[in-house]
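> Quick note on our numbering: the sequence shown kicks off at 67 and runs consecutively.
Virtual Cβ for every residue (Gly too), placed ideally from N, Cα, C.
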Amino acid sequence: MAFKIYTKTGDKGLTSLIGGTRLPKHHIRIEAYGTVDELNSHIGLLRDVIENKPTAELLISIQDRLFTIGSHLAADPVKNKMELPPLAEEDILLLEKAIDQMDEIVPEMKSFVLPGGHVHVSYCHIARCVCRRAERAVLRLAENEKVEDIHFKYLNRLSDYLFMLSRWLTAEYKAQEIPWKPKK
67 MAFKIYTKTG
77 DKGLTSLIGG
87 TRLPKHHIRI
97 EAYGTVDELN
107 SHIGLLRDVI
117 ENKPTAELLI
127 SIQDRLFTIG
137 SHLAADPVKN
147 KMELPPLAEE
157 DILLLEKAID
167 QMDEIVPEMK
177 SFVLPGGHVH
187 VSYCHIARCV
197 CRRAERAVLR
207 LAENEKVEDI
217 HFKYLNRLSD
227 YLFMLSRWLT
237 AEYKAQEIPW
247 KPKK
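(1) By DSSP's criteria, Pro-245 is part of a beta bridge. Which residues make up the other side?
(2) Determine the direct distance from the alpha carbon of His-186 to that of Ile-128, and round the result to whole angstroms.
(3) Here's the rule I'm using: 16 or more other beta-carbon atoms within 10 Å means buried, otherwise exposed. How should Trp-234 be labelled?
(4) What is the DSSP secondary structure of Ala-141, counted as helix, strand or coil?
(5) Compute the distance between the beta-carbons of Leu-112 and Cys-190, then report whether it is under 8 Å.
(6) Could you tell me how far apart the beta carbons of Gly-136 and Val-102 are, in whole angstroms, since I believe they sit closer than 8 Å?
(7) Taking only the alpha-carbon atoms, compute the straight-line gap between Tyr-220 and His-138 and give it to the nearest angstrom.
(8) Which same chain residues, not among the five before or five after Arg-199, have their C-beta less than 7 Å away from its C-beta?
(9) Let me know the secondary structure DSSP gives Tyr-152 once reduced to three states.
(10) Excluding the 5 residues preceding and the 5 following Met-230 in the sequence, name in chain order all residues of the same chain whose CB lies nearer than 8 Å to its CB.
(11) Rounded to the nearest angstrom, how far is the Cβ of Val-179 from that of Glu-243, given a contact under 8 Å?
(12) Which residues in the same chain have their Cβ closer than 8 Å to the Cβ of Trp-246, if we skip the five residues on either side of it in sequence?
(13) Within this structure, are the beta carbons of Gly-183 and Thr-134 separated by less than 8 Å?
(14) Which residues in the same chain have their Cβ closer than 6 Å to the Cβ of Arg-223, if we skip the five residues on either side of it in sequence?
(15) Would you tell me roughly how many angstroms separate the C-alpha atoms of Ser-107 and Ile-192, rounded to the nearest one?
(16) My assumption, with CB atoms under 8 Å, is that Leu-207 sits in contact with Ala-122. Please give the rounded CB distance.
(17) Return the chain-ordered list of same chain residues with a C-beta closer than 7 Å to the C-beta of Arg-131, the five sequence neighbours on each side being excluded.
(18) Would you mind working out which of Phe-218, Glu-211, Glu-117 and Lys-240 sits nearest Glu-201, comparing C-alpha positions?
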């Protein structure tokens, strides 16, 4: 018999962590890894439209790292016995290197910029905003439960990367970058 996607075990509003603990689906832990999963889907959309092969490959690596973060968040910190893949400082350094490379190319920023200019740039900005939301959810979880610092550090750096990617794509596509000029 084939594996069925539906189990009906969540029909009463509970879900299981790795390790067996059942939590309400609205629990901050579920919100945290659910938002990381949402971010991963936005990164997938971005990867689908990016034509630059090295960038697309980095986005695949980022998706892998997001699954790693999600697996840690989806595990009961006490009851889990499963060995989960690690996140390493090298993962953050990879993002920083990419940020620095793009920073050499894009024009100096003199003000905030309005998100948009090209649909691919807008995808970056949406992913960046979801990344910031995921970071906030993980930090909320860390106020009450153990979360490895590297997880929110990675999300923080990833949002920086996504912002720089939006600026780099703006330059690549020769799209208009509109500075924010507040009305007075």
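Considering the structure as presented:
(1) Val-179
(2) 17 Å
(3) buried
(4) strand
(5) yes
(6) 5 Å
(7) 13 Å
(8) Thr-101
(9) Just to set this straight, residue 152 is Pro in the shown sequence, not Tyr. Pro-152 falls in the coil class under three-state DSSP.
(10) Ala-164, Ile-165, Met-168, Asp-169 and Val-172
(11) 5 Å
(12) Ser-177, Phe-178, Val-179 and Leu-180
(13) no
(14) Ile-158 and Leu-161
(15) 11 Å
(16) The pair is not a contact, with the Cβ atoms about 31 Å apart (cut-off 8 Å).
(17) Leu-153, Asp-157 and Tyr-220
(18) Phe-218
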